[in-house]
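Q:
Written out as structure tokens, the structure is:
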């Protein structure tokens, strides 16, 4: 059901202001009207979230896992209505959204299994040593606990996998944190369908209603009020750099500053090493064009920068990429505003004195891909060329030699990913660059393309500032749970007061580290 | 040797300005004069630290552990000269400083063993699934890497264990980060002796000279320049709230913000539950007086607040504490400035309309302990009463009932510790308060005193803001290493380019998580 409501715990609410979703393919407003949440709604949602914290954060692993699975089941049960609404609101094609739904459900189930296993509790026991000299050692036990209520900002480009029940929400729930979602105004119907599924799971699992609230709305003031609310203890955000920086400033200015996990921007450099370019310039060019234009280029990991040594192989790559791009139809972008921003970014590159337009996608209604060429001196001399143009726009930087490639890499801001296209003969060169690359990124990949982020234990979808606000974290994969946890230590507590994870009998049967040695749970 | 030099890598440097240590017992300046480092020294030290990063961060666990052990050996080898200089500079007694030296050496050895074991690398492997449908899974491997050069600010109150080679330095080295220490001006001779031991270990282990530099100096501008330096990637600090907040602001205003781990202030509430108070008011009062005055009260974990229900047992506790305090001699504080600040804090409490002086320590030269009594309404109505007075000053808050105790706890800022004095009959009441307490602190202890911090795996010496700048961390114990690490993921990298921790042959023989299952190293 899409009623256009604000969902605060178990209650539905309306608002003085309203807004509508826009079909990005037609520019037409869609029914129904949605209530636009305001700071009063924020206050009520946060009061409830705070009230839910004590009980939700102490749910047993099995109970919390069952909640995550109930959400996954609930999203699956919405059926095709979810896909159709998401298609209409985002302009993304069916196959992409069905895949994204699979990922969303899959990551909820992954966190359920991860929560059950219990390693995230980091249960650690250093038993008392009453006879130690000169001083006895007390009994010390440590576990990780949830930070508190978390504010999650839905992303425009993943209306399912990084929105209401996306990776941030799943990992915050997994950690034991109540969640207040600020719904993205580009897909409010999709958001409400998913929010209702979460709310139903809260009820069916018998949890406190404050575990989840959903505040849709278009205003920046709504998000600002949410991050400023004293009951909120952490923030998850995926979006623009300006948006992320604004939330970081609000969080740092609070009476009690809180962590902000903002994934903000990345141009995801691809380094084409000489032997790979010589052996595979044509296929690399074609494959690049596919990666660049996937989902209209609207991925955080879109390859917005290529770096290679100039010469005939470089020219072949550009020609092959250009030929492939010319055959790729224009695409509807997520919102008219995103499309307008893409067009102005491309126009700025077209008007830039130091860049040449190398190729554009096929003409027609929608956004049309663009590839520009420049040289290392020009790229290094203008920081604006290193800023993300969200969408299918990329720059290839022509370098004189591998040292100039290294200097381009050294000059980059923090990135989510770096990609190495290399053959066996390139490995010595790549080894020279690797330490430099590693300081810039969260994920290094070889002979693939950065788009397509596997949801697994070993994934890092993060990276040094300004790719994210906190390069010590990931927003994809099981490690994402760590963002919402903190350690607490218990010294000489009577057994009745010890949390279950640390009781001598180990009632949760979790692995624990005793005197530094890991003991399996059962 | 104490030459009064600035130590930048393998070089010694002088400066235009100089300063001297002051014997806090006499107020006399001590020889020699010390060069006061300035921003030019910061620049050179940070350039060297950055140059050392690539090689030092990739040292094998055994190599890095040997370095930590060489530092420990070097500090031990200084012998009594270190203790004597530290006594003269800090006013702390010999036994305390010998114990602190043992802790300093012990935590270096603990980190050496921890680094060798390799769990801190979090090596995680999700092998490729080439046949997975609809899309194959790539090979994904993750490890944690060092953040980069770290700035460490020595603390006044632990001239060994939280200064030049203290917990911050040890954990940053353990993580693979070069360290630039801003030496505390209160103990420059002690600092230089230890800095030379670190430098000798860098040389004897064949490491890059930039792994360590030592910049002594009294100016805030020195510390500000260090935190602002673009090559510094994280900061470790123990000191005042104003100092920590200033560093946080500088770090947040950088072009690239960096994490600051500042341990700033805590009043470490002690809750005296009714049965414990009834059964043990006298012994509790005496034990409290000992904890309050230990080391002249100059511990981060000093018990600056007691909370209990009023009545005859409460009065007996205050009387016993007062009697014990009256017999405790005044003590020399670390510096004249710290002493002056203590006196003005105590004077403010004496002049406060809502507090009554309950007891003072014995009179004489030096700082004299103080205990004040107030009620919950007064305490809750004036935030200043909840601020730390560094030294042996404490307030006991008289409550009407357990609900008022709870409301006092609920109104507290973040703290390093909370202590529960409780007997078996108190456990039901304590269980009610525990969730509230847990949200406020990093360590909860029962029937002990918060002073005395065990260095072990399960310790958390941290806590929610403003006890520290980052409640997700600890500055004591092996978990402290996590502050200086970040995850990096490697996708489909050829074997020759994989870091040793992730190579198929597991050359470091470390435990790794493969497809979610932990596999022991050997």
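Protein chains in written order, with this note's numbering: chain G, 1 to 522; chain V, 1001 to 1522. Each residue gets a CB set at the ideal place from its N, CA and C atoms; glycine is no exception.
#1: Among the residues of its own chain, which have a CB less than 7 Å from the CB of residue 334 of chain G, if the five just before and after it don't count?
#2: Report yes or no: is there a C-beta of chain G within less than 8 Å of the C-beta of residue 1046 of chain V?
#3: Give the secondary structure of residue 1438 of chain V by DSSP, where H, G and I count as helix, E and B as strand, and everything else as coil.
#4: Would you mind sorting residue 1050 of chain V into buried or exposed? The rule is 16 or more other CB atoms within 10 Å of its CB.
#5: Residues of the stretch 357-390 of chain G in Cβ contact with chain V at a cutoff of 8 Å, in chain order, please.
#6: With a threshold of 8 Å, are at least 3 pairs of Cβ atoms found where one atom belongs to the stretch 1131-1141 of chain V and the other to the stretch 1157-1169 of chain V?
#7: Identify whether residue 352 of chain G lies in helix, strand or coil by the three-state DSSP scheme.
#8: Residue 1008 of chain V: which of V/1018, V/1181, V/1310 sits nearest, CA to CA?
#9: Ignore the nearest five residues each way along the sequence and tell me which others in residue 48 of chain G's own chain have a CB closer than 7 Å to its CB.
#10: How would you call residue 495 of chain G, buried or exposed, if buried means at least 16 neighbouring beta carbons within 10 angstroms?
#11: Buried or exposed for residue 1248 of chain V, going by 16 or more other Cβ atoms inside 10 Å?
#12: Take the Cβ of residue 1373 of chain V as the centre, count every other Cβ of all protein chains shown within 10 Å, and call the residue buried at 16 or more, exposed below.
#13: Pull the bridge partners of residue 262 of chain G from the DSSP assignment, please.
#14: Consider the Cβ of residue 506 of chain G: report whether some Cβ of chain V lies at a distance smaller than 8 Å.
#15: Hey, out of V/1170, V/1189, V/1173, V/1099, whose CA is closest to residue 1085 of chain V's CA?
#16: Which of the three DSSP states, helix, strand or coil, is assigned to residue 144 of chain G?
#17: Less than 8 Å between CB atoms is the rule here; does residue 279 of chain G satisfy it with respect to chain V?
#18: So with CB distances below 7 Å, who are the chain G contacts of residue 1457 of chain V?
#19: Which class does residue 1126 of chain V belong to by DSSP, given the choice of helix, strand or coil?
#20: Closer than 8 Å by beta-carbon distance: list the chain V residues that pair up with residue 141 of chain G, in chain order.
#21: Do residue 266 of chain G and residue 301 of chain G have their beta-carbon atoms positioned less than 8 Å apart in this structure?
#22: For chain G, is any of its Cβ atoms less than 8 Å away from the one on residue 1444 of chain V?
#23: Are there 16 or more other CB atoms within 10 angstroms of the CB of residue 530 of chain G, so buried, or fewer, so exposed?
#24: Between the Cα of residue 1184 of chain V and those of V/1204, V/1172, V/1223, spot the shortest distance and give me the residue it belongs to.
#25: I want to know whether the stretch 1251-1269 of chain V touches the stretch 1377-1392 of chain V - three or more CB-CB distances under 8 Å.
#26: Candidates V/1399, V/1497, V/1253: which alpha carbon is nearest residue 1229 of chain V's?
#27: Here's the rule: buried if 16 or more other CB atoms are within 10 angstroms of the residue's CB, otherwise exposed. What is residue 1001 of chain V?
#28: Could one say the Cβ of residue 138 of chain G lies closer than 8 Å to chain V's Cβ atoms, at least one of them?
#29: Quick one: does the C-beta of residue 21 of chain G sit closer than 7 Å to a heavy atom of the ligand SAH?
#30: What residues from the stretch 484-497 of chain G come within 8 Å of chain V, judged by C-beta to C-beta, listed N to C?
#31: Residues bridged to residue 1270 of chain V by DSSP?
#32: Can you grab the Cα-Cα spacing for the pair residue 349 of chain G / residue 245 of chain G, in whole Å?
#33: So with Cβ pairs under 8 Å, would you call residue 180 of chain G a contact of chain V?
#34: Using a threshold of 8 Å, state whether the C-beta atoms of residue 143 of chain G and residue 501 of chain G are closer than that.
#35: Step through the CB atoms of chain V and report whether any lies within less than 8 Å of the CB of residue 39 of chain G.
#36: Checking the sheet assignment: what are the DSSP bridge partners for residue 1108 of chain V?
A: So, from the listed chains and residues:
#1: In the first chain, the residue the question calls residue 334 of chain G occupies position 334. Here the set comprises 24, 90, 91, 156, 157, 186, 298.
#2: Counting from 1 along the second chain, the entry for residue 1046 of chain V is found at position 46. For residue 1046 of chain V, the answer is no, since every Cβ of chain G falls outside 8 Å of its Cβ.
#3: Mapped onto the second chain, residue 1438 of chain V falls at position 438. The answer is helix: DSSP assigns residue 1438 of chain V an H, G or I state.
#4: For this step, residue 1050 of chain V is matched to residue 50 along the second chain. Classified as buried, residue 1050 of chain V has 16 or more neighbouring CB atoms from the shown chains inside 10 Å of its CB.
#5: Taking 8 Å as the Cβ-Cβ cut-off against chain V, none of the residues of the stretch 357-390 of chain G qualify.
#6: Not touching, per the Cβ criterion.
#7: Numbered from its first residue, the first chain carries residue 352 of chain G at position 352. The answer is coil: DSSP assigns residue 352 of chain G none of H, G, I, E or B.
#8: Indexing the second chain from 1 puts residue 1008 of chain V at position 8. Residue V/1181 holds the alpha-carbon nearest to the alpha-carbon of residue 1008 of chain V among V/1018, V/1181, V/1310.
#9: If you number the first chain from 1, residue 48 of chain G lands on position 48. Correct list, in chain order: 8, 9, 209, 210, 213.
#10: Here the question's residue 495 of chain G lines up with position 495 in the first chain. That one is exposed.
#11: As a first step, residue 1248 of chain V is located in the second chain; it is residue number 248 there, counting from the start. With 16 or more other Cβ atoms within 10 Å, it is buried.
#12: As a first step, residue 1373 of chain V must be located in the second chain, where it is residue number 373. Residue 1373 of chain V should be labelled buried.
#13: In the first chain, counting from the first residue as 1, residue 262 of chain G sits at position 262. Residue pairing for residue 262 of chain G: DSSP places it in a beta bridge opposite G/237.
#14: Your numbering for residue 506 of chain G matches position 506 in the first chain. No - not a single Cβ of chain V is within 8 Å of the one on residue 506 of chain G.
#15: Walking along the second chain from the start, residue 1085 of chain V turns up at place 85. Across the set V/1170, V/1189, V/1173, V/1099, the C-alpha of V/1189 shows the shortest separation from the C-alpha of residue 1085 of chain V.
#16: Start at 1 with the first residue of the first chain, and residue 144 of chain G comes out as number 144. Strand, per DSSP.
#17: Locating residue 279 of chain G in the first chain gives position 279, where the first residue counts as 1. Closer than 8 Å: no.
#18: Your numbering for residue 1457 of chain V matches position 457 in the second chain. Simply 124, 126, 513, 516.
#19: The count along the second chain starts at 1 and reaches residue 1126 of chain V at position 126. In this structure, residue 1126 of chain V counts as strand in the three-state DSSP scheme.
#20: Start at 1 with the first residue of the first chain, and residue 141 of chain G comes out as number 141. Going along chain V in sequence order, the residues near residue 141 of chain G (Cβ under 8 Å) are 1458.
#21: In the first chain, the residue the question calls residue 301 of chain G occupies position 301. In the first chain, the residue the question calls residue 266 of chain G occupies position 266. The Cβ-Cβ distance between residue 301 of chain G and residue 266 of chain G falls below 8 Å.
#22: Numbered from 1 along the second chain, position 444 holds the residue referred to as residue 1444 of chain V. Yes, residue 1444 of chain V lies at the interface with chain G (some Cβ there is under 8 Å from its Cβ).
#23: Because chain G is modelled from 1 through 522, residue 530 of chain G falls outside the range shown and cannot be assessed.
#24: Translated into positions along the second chain, residue 1184 of chain V becomes position 184. The candidate whose alpha carbon is nearest that of residue 1184 of chain V is V/1223.
#25: The answer is yes - the stretch 1377-1392 of chain V touches the stretch 1251-1269 of chain V, with three or more Cβ pairs under 8 Å.
#26: In the second chain, the residue the question calls residue 1229 of chain V occupies position 229. Looking at the Cα atoms, V/1253 is the closest of the given residues.
#27: Position 1 of the second chain, counted from the first residue, corresponds to residue 1001 of chain V. Under the 10 Å beta carbon count, residue 1001 of chain V is surrounded by fewer than 16 other beta carbons and is classified as exposed.
#28: Position 138 of the first chain, counted from the start, is the residue given in the question as residue 138 of chain G. Closer than 8 Å to some Cβ of chain V, the Cβ of residue 138 of chain G qualifies, so yes.
#29: This structure lacks the ligand SAH, and indeed carries no ligand of any kind.
#30: Residues passing the 8 Å Cβ filter: 485, 486, 487, 488, 489, 490, 491, 492, 493, 494, 496, 497.
#31: Mapped onto the second chain, residue 1270 of chain V falls at position 270. Answer is V/1306, V/1419.
#32: Here residue 349 of chain G corresponds to residue number 349 of the first chain, with the count starting at 1. Here residue 245 of chain G corresponds to residue number 245 of the first chain, with the count starting at 1. Here the alpha carbon of residue 349 of chain G sits roughly 24 Å from the alpha carbon of residue 245 of chain G.
#33: Counting from 1 along the first chain, the entry for residue 180 of chain G is found at position 180. No, residue 180 of chain G does not count as interfacial toward chain V.
#34: Mapped onto the first chain, residue 143 of chain G falls at position 143. Mapped onto the first chain, residue 501 of chain G falls at position 501. Contact flag set, yes.
#35: For the purposes of this step, residue 39 of chain G is taken as residue 39 along the first chain, with counting starting at 1. No - not a single Cβ of chain V is within 8 Å of the one on residue 39 of chain G.
#36: Within the second chain, the letter at position 108 stands for residue 1108 of chain V. The partner list for residue 1108 of chain V (beta bridge, DSSP) is empty, contrary to what the question assumes.
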